[in-house]
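Some notes on the structure that comes next.
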Amino acid sequence: MNISNNYLTHSLSEREIQILELVTAGLTNQEIAESLEISKRTVDNHISKVLTKTATDNRVELVRWALQWGKVCLDNVNCCSLPPYSDILSSSEKSQSDHSD
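The numbering used here applies: residue 512 is where the sequence shown begins, and numbers increase by one.
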């Protein structure tokens with residue numbers, strides 16, 4: 512995959528991330544357009560911009576880029592799940608009581 516060193520300088524918009532997620536799910540441009548209730552031409556434009564921003568040449572490279580840089584979660588691959596808030600609180604309270612001794 513041809514990724515330039517400045518890949519992080521080009522942030523993707525919320526809409527571009529949304530479209531990227533649908534591309535990684537295997538949807539065609541027409542299916543993405545129908546799903547988001549926008550024109551196929553608009554989807555084409557968004558994908559073109561995303562390909563440029565990510566320095567990728569096609570959808571396969573784009574999906575690989577998205578997985579590599581953590582932009583999408585695909586079939587529980589590359590997913591970051593946070594512990595439940597209650598677990599964080601319990602851990603924090605335990606840590607505070609350990610330091611008060």
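Virtual Cβ for every residue (Gly too), placed ideally from N, Cα, C.
If contacts are defined as beta-carbon pairs under 8 angstroms, then Lys582 and Leu531 qualify, I think. What distance do you get, rounded to the angstrom?
As a first step, residue 582 must be located in the sequence shown, where it is residue number 71. As a first step, residue 531 must be located in the sequence shown, where it is residue number 20. Right, the Cβ-Cβ distance comes to about 6 angstroms (below 8 angstroms), so this counts as a contact.
Give the range of the alpha helix (DSSP H) segment to which Glu572 is assigned.
By 1-based counting over the sequence shown, the position of residue 572 is 61. Unbroken alpha helix (DSSP H) run through Glu572: 570–579.
If you drop the 5 nearest sequence neighbours on each side, which residues of the same chain put their C-beta closer than 7 angstroms to that of Thr535?
Taking the sequence shown and counting its residues from 1, the one referred to as residue 535 is at position 24. Contacts found: Val574, Ala577, Val583, Leu585.
Does the Cβ of Asn569 have 16 or more other Cβ atoms within 10 Å, making it buried, or fewer, making it exposed?
Here residue 569 corresponds to residue number 58 of the sequence shown, with the count starting at 1. Exposed.
Compare the beta carbon distance of Val561 and Glu525 with 7 angstroms and say whether it is the shorter of the two.
By one-based count along the sequence shown, residue 561 stands at place 50. By one-based count along the sequence shown, residue 525 stands at place 14. No, they are not a contact pair.
Note down the Cα distance separating Ala566 from Ile543, rounded to an integer number of angstroms.
Numbered from its first residue, the sequence shown carries residue 566 at position 55. Numbered from its first residue, the sequence shown carries residue 543 at position 32. Ala566 and Ile543: Cα-Cα distance of roughly 22 angstroms.
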